[in-house]
Every structure is written in C-alpha cells, then in structure tokens.
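*Asks:*
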Amino acid sequence: MSQPGLLDLLSFGPEGWARALLAGAWMTILIAVSGYLIGGIIGTLGAWAKLSGGQTLRVAADAYTTVLRGIPDLLVIYLLYFGGSAAVTSIGRLFGAEGFIGFPGFLAGSLAVGITSGAQHTEVFRGAFRAVHPGEIEAAIACGMPRWLRFRRIVAPLTLRHALPGLGNVWQVVLKESALVSITGVAELLRQAQVGAGSTGLPFEFYLIAAVIYLAISSISGGILRRAERHFNRGVRRG
1 MSQPGLLDLL SFGPEGWARA LLAGAWMTIL IAVSGYLIGG IIGTLGAWAK LSGGQTLRVA
61 ADAYTTVLRG IPDLLVIYLL YFGGSAAVTS IGRLFGAEGF IGFPGFLAGS LAVGITSGAQ
121 HTEVFRGAFR AVHPGEIEAA IACGMPRWLR FRRIVAPLTL RHALPGLGNV WQVVLKESAL
181 VSITGVAELL RQAQVGAGST GLPFEFYLIA AVIYLAISSI SGGILRRAER HFNRGVRRG
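Using the UniProt record's numbering, the letters of the sequence shown map in sequence onto residues 1 to 239.
1) Tell me which residue opens and which closes the alpha helix (DSSP H) that Asn169 is part of.
2) Below 9 angstroms between beta carbons: does that hold for Leu9 and Leu202?
3) If you follow the alpha helix (DSSP H) that Phe12 is part of, which residue opens it and which one closes it?
4) Using a Cβ distance threshold of 8 angstroms, determine whether the stretch 124-138 contacts the stretch 201-215, with at least three qualifying pairs required.
5) At the level of alpha carbons, what is the spacing between Glu15 and Ile217?
6) Excluding the 5 residues flanking Glu177 on each side, which residues of the same chain have their C-beta closer than 6 angstroms to its C-beta?
7) Return helix, strand or coil for Leu180, following the three-state DSSP convention.
8) How is Arg234 classed by DSSP in three states: helix, strand or coil?
9) Determine the direct distance from the alpha carbon of Ile41 to that of Val76, and round the result to whole angstroms.
10) How should Ile141 be labelled, buried or exposed, when 16 other C-beta atoms within 10 angstroms of its C-beta is the threshold for buried?
11) For Ala108 versus Val59, is the C-beta distance shorter than 9 angstroms?
12) Which of the three DSSP states, helix, strand or coil, is assigned to His133?
13) Roughly how many angstroms separate the alpha carbons of Leu80 and Ser34, rounded to a whole number?
14) Considering Val33, what are the terminal residues of the alpha helix (DSSP H) in which it resides?
15) Determine whether the beta carbon atoms of Ile137 and Val124 lie at a separation below 9 angstroms.
16) Over what stretch of residues does the alpha helix (DSSP H) that includes Leu190 continue unbroken?
17) Take Arg230 as the anchor and find which of Val132, Val88 and Gly168 has the nearest alpha-carbon.
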C-alpha cells in the first residue's frame, strides 16, 4: 500500500487530516489568546504594583517577574497541571470520589501561558508608561481632569501606543509557548501533528505542515498588530 502524498494529507477525504489539523490550529489560537489575555491582566497589575504600589507590592512584583523569567515555561505547565490535578483529586476525595482526577489540560495550559507571559507583559507596560512624557500628564492635571478621566483619555492611550511593539513580541512568544501545552494531552496543533505522524509514519510531512500553519497564524496576527500600531500612531511625527 503506497503512502499518501502531501496533498492527500491536506485533503478532507478518507486519508486526509485537514479537519484534525484545522481543529488543532483553532485550539492553538484559543490557548494563545486565553493565555495572552490572562498575561495582559497580570501584567497590568504587575506594572501598577511596580510603578504605584507600596514597598510590599513592589517587592512582590519584582519577585514575580524575576522568578517567572528564570523558570522554564514547560516546568510551569508541569507544576500547574500536576499540582492542579493533585489538588482536584484531594478535593474530590473529600466528597467521596475515588481515583485520580485530572486537572483540565486547556485550563492548565492557558493559566501557565498567562502566568509566564504576565512577567513579560509587566515589563512591557512598565517601560511603556515610563516612555510617556511627564508633561502630557501634567497638562491633563492642569486642565482639571479627574484621575479616571486622565487615565482613560491620556495615560492609557499613550501607554498602549508605546507598548504595542513589545506586546507584538510577547504575542509571538505566547503563540510558540502554546505548543508546549501538548504535554497535557490537549489536542492543539502540535499534538495533532504528533498523532498524524504516528498514525501514518510520515513525521516530516506532518511537522512541516504544522510549521507552515504556525507561520501562517504568526504572519496574520503580526499583520493585525502592525495595523493596530499604525492606528495608534496616527498623527505622530517620526524623527
């Protein structure tokens, strides 16, 4: 029996893996977006703690960014997945459940990606806020803007303008980190490629297809971020 060709693998026919690979790509996007949003929330709080928090909050934020940037991302996924499974199993036994209860792989992966990217988000937001010229904030204060209005109209847009290039880099990192979630059994793109490679004996072809799909997602999302950067930089004179 002859091996299916590349076009056969990419088809929706009996020997095709197009549906499985597209489903894996969609799961990859969901994990990346979920982790990115979680990281953005953590990064916002972390940057606020470093910039405006008290001594305790600044120390905690510094410790968080130092530890998370020094631990391999895969280890964070292991800790959350197996630690979460142990916690859920213990809670289940209190209610009479027996045996091992696994922590949801999607949730563990999204949290792990979010927690690790949160350290990068923190530094991006902190640096972006520092890049805002103090005179612009002082002008808003002089105009009598309330604190919340000043944040919404001046601080947030200017900070986001300076943060967008860094946020684009964080997104690319998060997208690649999502492949590590395959170790929890989540059927994302790399996991589907591994299953296809093992089922057909064509590892090179499947991993090549996965690489092309990752590149396509990265290119499309990168283009969206570049458009957002141009939008927020309208009217800015470039040196």
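Note that CB positions come from ideal geometry on N, CA and C, so glycine has one too.
From a predicted model like this one, the values you see are computed outputs, not experimental measurements.
*Replies:* Inspection of the coordinates gives the following:
1) That run of the alpha helix (DSSP H) goes Ala156 to Glu177.
2) Note that the C-beta distance between Leu9 and Leu202 is below 9 angstroms.
3) Judged by DSSP secondary structure, Phe12 falls outside any alpha helix (DSSP H); it is assigned neither H nor E.
4) No: the two stretches stay apart, fewer than three of their Cβ pairs being nearer than 8 angstroms.
5) Approximately 25 angstroms between the Cα atoms of the pair.
6) Answer for Glu177: Asp73 and Val113, listed in chain order.
7) Here Leu180 sits in helix by DSSP.
8) Three-state DSSP puts Arg234 in coil, outside helix and strand.
9) Distance between the alpha carbons of Val76 and Ile41: 18 angstroms.
10) Note on Ile141: under 16 other CB atoms within 10 angstroms of its CB, so exposed under the neighbour-count rule.
11) Against a cut-off of 9 angstroms, the Cβ pair of Val59 and Ala108 comes out as no contact.
12) Coil, per DSSP.
13) Distance from the CA of Leu80 to the CA of Ser34, rounded to the nearest whole angstrom, comes to 16 angstroms.
14) Where Val33 is concerned, the enclosing alpha helix (DSSP H) starts and stops at Ala18 to Ser52.
15) No; because the gap between Cβ atoms is not below 9 angstroms, this pair is not in contact.
16) Element bounds for Leu190: Leu189 to Thr200.
17) With distances taken between Cα atoms, Arg230 lies closest to Gly168.
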